[in-house]
Amino acid sequence: MGNISSFQSLHIVMLGLDLASKIMVLYRLKFNEFMNTMPTIGFNTEQIRLSNRPAKGISCHFWDVGGQKKLHPLWKSYSHCTDGINYVVDSDRLEKAKMELHKVTKFAENLGTPLLVIANKQDLPKLLAMSEIERQPELQRNEFMLKRI
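Set out below in structure tokens:
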């Protein structure tokens, strides 16, 4: 992706299964607090101007795409020509999330696109630990950053 300070604007798509709380993650980033949210039907867009160095002044335009099964075929068009993909994993539905992430990483248009995998709902009981999620084969084949929420 290059030096982040060379960008004025970044386009980032938020993907993940329905009820993975993509919009909650996005609003946490935008407002720096947890908020009650409703599931995204279709898509939602948010613009966030970064204020911390080294990204100060960069504008990020986020596309939060609904995770309902009927919308999965549209993920390819939303992730085409994007500067980054944030994939939110609902940690209590890891197997299904892995299958869909595998499809996203196979799109030719996404090769070389930075991927951030966000492991959400880590506070719930009986979930895989971060170290177990990091060892998943889909994540081993891609350059990625894993973040716990």
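Counting in the numbering used here, the sequence shown runs without a single skipped number right up to 182 at its last residue.
Glycine included, C-beta positions come from ideal geometry on N, C-alpha and C.
Inset, instruction - Pick helix, strand or coil for Asn-153, following the three-state DSSP scheme. - result: Taking the sequence shown and counting its residues from 1, one reaches residue 153 at position 120. Reduced to three states, the DSSP call for Asn-153 is strand.
Inset, instruction - Using beta-carbon positions only, say whether Lys-55 and Asp-97 come within less than 8 Å of one another. - result: Counting from 1 along the sequence shown, the entry for residue 55 is found at position 22. Counting from 1 along the sequence shown, the entry for residue 97 is found at position 64. In terms of Cβ geometry, Lys-55 and Asp-97 form a close pair [threshold 8 Å].
Legend entry - Start-to-end residues for the beta strand (DSSP E) that takes in His-113: The residue given as residue 113 occupies position 80 in the sequence shown. For His-113, there is no enclosing beta strand (DSSP E), as DSSP marks it with neither H nor E.
Legend entry - Cα-Cα separation between Phe-140 and Lys-109, rounded to whole angstroms: Within the sequence shown, residue 140 is the residue found at index 107, counting from 1. Within the sequence shown, residue 109 is the residue found at index 76, counting from 1. When rounded, the distance between both Cα atoms is 7 Å.
Legend entry - Three-state class that DSSP yields for Phe-76 in the structure shown: For the purposes of this step, residue 76 is identified with residue 43 of the sequence shown, where counting begins at 1. In this structure, DSSP gives Phe-76 an extended state, which the three-state scheme calls strand.
Inset, instruction - Write down the C-beta distance between Ile-53 and Val-137 rounded to the nearest angstrom, noting that I regard them as a contact closer than 8 Å. - result: Along the sequence shown, read from residue 1 onward, the residue named residue 53 stands at position 20. Along the sequence shown, read from residue 1 onward, the residue named residue 137 stands at position 104. The amino acid occupying residue 53 in the given sequence is Ala; Ile does not appear at that position. At roughly 13 Å, the Cβ-Cβ gap does not stay under 8 Å, so Ala-53 and Val-137 are not in contact.
Inset, instruction - Compute the Euclidean distance between the alpha carbons of Asp-51 and Ala-152, then round it to the nearest angstrom. - result: As a position in the sequence shown, residue 51 is number 18, starting the count at 1. As a position in the sequence shown, residue 152 is number 119, starting the count at 1. Distance between the alpha carbons of Asp-51 and Ala-152 is about 14 Å.
Inset, instruction - State the Cα-Cα distance for the pair Thr-70 and Met-57, rounded to the nearest angstrom. - result: The residue labelled residue 70 in the question sits at position 37 within the sequence shown. The residue labelled residue 57 in the question sits at position 24 within the sequence shown. Cα to Cα, Thr-70 sits roughly 6 Å from Met-57.
Inset, instruction - Output yes or no for whether 8 Å exceeds the beta carbon distance between Tyr-120 and Leu-62. - result: Translated into the one-based positions of the sequence shown, residue 120 becomes position 87. Translated into the one-based positions of the sequence shown, residue 62 becomes position 29. Going by beta carbons, Tyr-120 and Leu-62 fall outside the 8 Å limit.
Inset, instruction - Use the C-beta contact count for Thr-146: other C-beta atoms within 10 angstroms, 16 or more gives buried, fewer gives exposed. - result: Here residue 146 corresponds to residue number 113 of the sequence shown, with the count starting at 1. Classification for Thr-146: buried.
Legend entry - Residue from Tyr-111, Lys-89, Arg-126, Asp-125 whose Cα sits closest to the Cα of His-44: Counting from 1 along the sequence shown, the entry for residue 44 is found at position 11. Per the Cα distances, Tyr-111.
Inset, instruction - Check each candidate in Glu-142, Phe-76, Ser-124, Phe-67 and name the one with the smallest Cα separation from Leu-104. - result: Residue 104 sits at position 71 when you count from the first residue of the sequence shown. Considering only alpha carbons, the answer is Phe-76.
Legend entry - Option in Lys-102, Met-68, Thr-78 with minimal Cα separation from Phe-95: Counted from its first residue, the sequence shown places residue 95 at position 62. Comparing Cα-Cα distances from Phe-95 to each of Lys-102, Met-68, Thr-78, the minimum goes to Thr-78.
Inset, instruction - Flag this pair as yes or no: are the beta carbons of Ile-107 and Cys-93 separated by less than 8 Å? - result: Residue numbering aside, residue 107 sits at position 74 when the sequence shown is read from its first letter. Residue numbering aside, residue 93 sits at position 60 when the sequence shown is read from its first letter. Before going further, note that residue 107 is Leu rather than Ile in the sequence given. Here Leu-107 is not near Cys-93, since their CB atoms are 8 Å or more apart.
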